[in-house]
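Residue numbers (my numbering), protein chains in the order written: chain Y, 1 to 333; chain L, 1001 to 1333. Presented below is the structure to which this report refers.
Protein chains: 2
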Amino acid sequence: MEKLLEKALAGDIRSIARIISLIENDTPEKDELLKRIYPLSGRAMVLGITGSPGAGKSTLTDKVIESFRRRGKKVAVIAVDPSSPFSGGAILADRIRMQRHTGDPGVYIRSMGTRGSLGGLSRGAKESLILLDACGYDVIIIETVGVGQSEVDIIKIADTVCVVLVPGMGDDIQIMKAGIMEIANVFAINKADKPGVDRVAAEVRLMLDLVKDRSWTPPVHLTVAEDGTGVEELVDSLVAHGVFLKENPDGVRREWRRLAFEVEAVLLQSLTRLAEREWSAHRTDEVMNLLLSRRTNPYAVAEDVLRKILPCDRADRGATEEEDSPDVAANDG
Amino acid sequence: MEKLLEKALAGDIRSIARIISLIENDTPEKDELLKRIYPLSGRAMVLGITGSPGAGKSTLTDKVIESFRRRGKKVAVIAVDPSSPFSGGAILADRIRMQRHTGDPGVYIRSMGTRGSLGGLSRGAKESLILLDACGYDVIIIETVGVGQSEVDIIKIADTVCVVLVPGMGDDIQIMKAGIMEIANVFAINKADKPGVDRVAAEVRLMLDLVKDRSWTPPVHLTVAEDGTGVEELVDSLVAHGVFLKENPDGVRREWRRLAFEVEAVLLQSLTRLAEREWSAHRTDEVMNLLLSRRTNPYAVAEDVLRKILPCDRADRGATEEEDSPDVAANDG
């Protein structure tokens, strides 16, 4: 492990990949490792690229990688795919367009699932980012699909978020937009050679106008990822936002919020592990039959398990916030 | 509260709405209430309708409501929207097409956000469902937007999941499909009057063919929600799947899995409340400054908080799975 970490920190891609697998598999050594490399992280620019399916994010990411490479930066990409709910594994996308960077030692690309009970972006993505940062990647791109929790979670781990929109997105754009407005630092309206681009751009600018007193107004770029149109200007804006964060009090506030989120996420991960372990020990055929026959209910069973995890006073008062003694289910001794 | 519940159970819509608000706001009385109404639930058919933005889910849901009304069923709809990450509130969609049912006492429609640290579908959606079930709705429809965690989570609360696809969904359909195949019980290919419908249908059937030994093969329906084409046949399949679940061992296994998920979700909710409370008590300026200056790290701080929550032996061994004593951070006394 010691040797593996040493090689990874020296830039060996195979060692980096092996450590990321350890992180993804949530092996017990992981926590100690992350505590050790944490002080080495904090230099990289972490960039989120998100948007709805079909927006052309992979092609755009490919062109963004190219631009950063020309600027002499080492780039890592974590492409987050929705996980399969049962197998727990990532659905490997054929991200063909990014494959052409495979021969370039300055580019590392990794696909990752969104597994984990906590939903949204996996802890694995966040923790891999700490490793890649410590291993000397200058720019780390997190690419996420979807308009769900992963899009919302991206601000918890990225410094700069680029939201990719496209002309003709249908009725749901209204639903998405209010959320997007709160997370986007830079907009890319991709496929800008398609009809309807002016309408989307106008809608975005209208929403941006509604927000007063911003210290950073998200620029709106029109791009055609296929032929690279507008990509340089987009990357300029991404870099400019990074500079802004370093110089502005907003940047510190953002870092504060992110660290607070991060502690909570680590805490929840530990508690989740514990809950899963205790519940699977408690989940006997007898308990499940009582649940199936509705002779007990999930609330009563969860209370029983909680009582095993926590000191008695907390199980009764703390976690449920009830002052009176809870109704003890008859199914547990 | 007693009176409110009585009126809700008698079918009073305003009382139902008020209780759902109590549930959404995670008020302390909630747990007790849910434990009480739980035995009254379990009769409703819970139907999930999901698919990517722009697939026409709202229009299709509207037509599905209409069909169930003609069949004499009371219908409730929980429309889950992505939440704003900061305000915590739901982004209210103007679900205009469903509004026309407002005058019908046999239809209850409620918008809900995906707030909550656990991501994906909120606990509020699940718990409201228990209430609506107890209050006598025959069919409860959960409509979710997106291809993220909420789509994956829907199988944890719905009996029957209808996945809505459309022609021309772009490159990301491949990414989505493997996940969708595992959750879909019925497919609706909507906007079936648009070009490309045959290709989508063929792709879905091809994926279905790869799975052997199914006791239920998801039917694929072509629909045009705008004019109601194919909706009756779709609803027939949804009803047929409900009957299948009652008669087949797969149905019992599904219910088993769902109850196991449900206990874990309740447990995590309690632990999350506790973690949030302890962390906000522990989150002093001093601790945050140590984090910001990188003199400590989120892993060490989370361990400190964990030690306050759990009995000592668990904080050291249980939650982190380390046998040796962890590296105590210097920032906490």
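Idealized CB from N, CA, C, for every residue including glycine.
By the beta-carbon neighbour count (other beta carbons within 10 angstroms, threshold 16), Gly-1124(L) is buried. When DSSP states are grouped into helix, strand and coil, Leu-1310(L) belongs to the coil group. The three-state reading of DSSP puts Gly-136(Y) in coil, since its state is none of H, G, I, E or B. Sequence-distant Cβ neighbours of Arg-110(Y) in its own chain, meaning closer than 8 Å and more than five residues away, are Ala-17, Ile-20, Ala-76, Val-77, Ile-78, Ala-79 and Ser-128. Close to Ser-215(Y), with beta-carbon spacing below 9 Å, lies no residue of chain L; the smallest spacing is near 16 Å. Inter-segment contact for the stretch 263-276 of chain Y and the stretch 1232-1249 of chain L is absent: fewer than three beta-carbon pairs are separated by less than 8 Å. With the rule of 3 Cβ pairs closer than 8 Å, the stretch 1002-1014 of chain L does not count as touching the stretch 1205-1218 of chain L. Cβ neighbours of Gly-72(Y) within its own chain (closer than 7 Å, five residues either side excluded): none. Taking CB atoms only, Leu-1259(L) has a neighbour in chain Y less than 7 Å away.
Taking one beta carbon from each stretch, the stretch 40-50 of chain Y and the stretch 129-140 of chain Y have 3 or more pairs nearer than 8 Å; the two touch. With the rule of 3 Cβ pairs closer than 8 Å, the stretch 1237-1257 of chain L does not count as touching the stretch 217-233 of chain Y. When only Cα atoms are considered, Gly-48(Y) and Val-1139(L) end up about 40 Å apart. A Cβ-Cβ separation of about 3 Å places Gly-51(Y) in contact with Val-164(Y) under the 8 Å criterion. With its beta carbon less than 7 Å from one in chain Y, Val-1263(L) belongs to the interface. Shortest Cα-Cα distance from Arg-70(Y) to any of Asp-304(Y), Asp-26(Y) and Asp-104(Y) involves Asp-104(Y). Annotation: Cβ neighbours of Thr-1272(L) in chain Y (cutoff 7 Å, chain order): Leu-268. The beta-carbon of Asn-1297(L) is placed less than 7 Å from the nearest beta-carbon of chain Y. By the 16-neighbour rule on beta-carbons within 10 angstroms, Ser-58(Y) is buried. If one requires a minimum length of 3 residues, the beta strand (DSSP E) runs lying completely within the stretch 15-95 of chain Y are 45-51 and 75-81, in chain order. Taking the beta carbon of Leu-306(Y) as reference, the chain L residues within 7 Å of it are Leu-1267 and Ser-1270, listed in sequence order. Excluding its 5 nearest sequence neighbours in each direction, Leu-22(Y) has C-beta neighbours in its own chain below 8 Å: Glu-29, Lys-30 and Leu-33, listed in chain order.
The three-state reading of DSSP puts Ala-260(Y) in helix, counting H, G and I together. Residue-level contact check: Tyr-1137(L) does not touch chain Y, since none of the beta carbons of chain Y fall below 7 Å from its beta carbon. Counting only Cβ-Cβ distances below 8 Å, Lys-35(Y) has contacts in chain L at Asn-1297, Tyr-1299, Ala-1300 and Asp-1327, in chain order.
Comparing alpha carbon positions, the residue from Ser-280(Y), Glu-264(Y) and Ser-293(Y) closest to Ser-1280(L) is Glu-264(Y).
Residues of chain L whose Cβ lies closer than 8 Å to the Cβ of Pro-311(Y) are, in chain order, Leu-1310 and Pro-1311. Contacts with chain L at 7 Å (Cβ-Cβ) include Leu-291(Y). Interface flag for Ala-8(Y) against chain L is unset, since no Cβ pair is found closer than 7 Å. Here Ala-55(Y) is buried, its C-beta having at least 16 other C-beta atoms within 10 Å. Between Tyr-108(Y) and Ala-260(Y), the alpha-carbon positions lie close to 29 Å from each other. Proximity of chain Y to Tyr-1108(L) at the Cβ level (cut-off 8 Å) is not reached, the minimal Cβ distance being about 21 Å. DSSP places His-221(Y) inside the beta strand (DSSP E), whose first and last residues are 220-222. Residues of the same chain with a CB within less than 7 Å of the CB of Met-288(Y), apart from the 5 flanking positions on each side, do not exist.
Judged by their CB atoms, Lys-308(Y) and Glu-278(Y) are nearer to each other than the 7 Å cut-off. A distance of 7 Å or more separates the beta carbons of Ile-157(Y) and Thr-144(Y).
The C-alpha of Glu-262(Y) lies about 36 Å from the C-alpha of Ala-202(Y).
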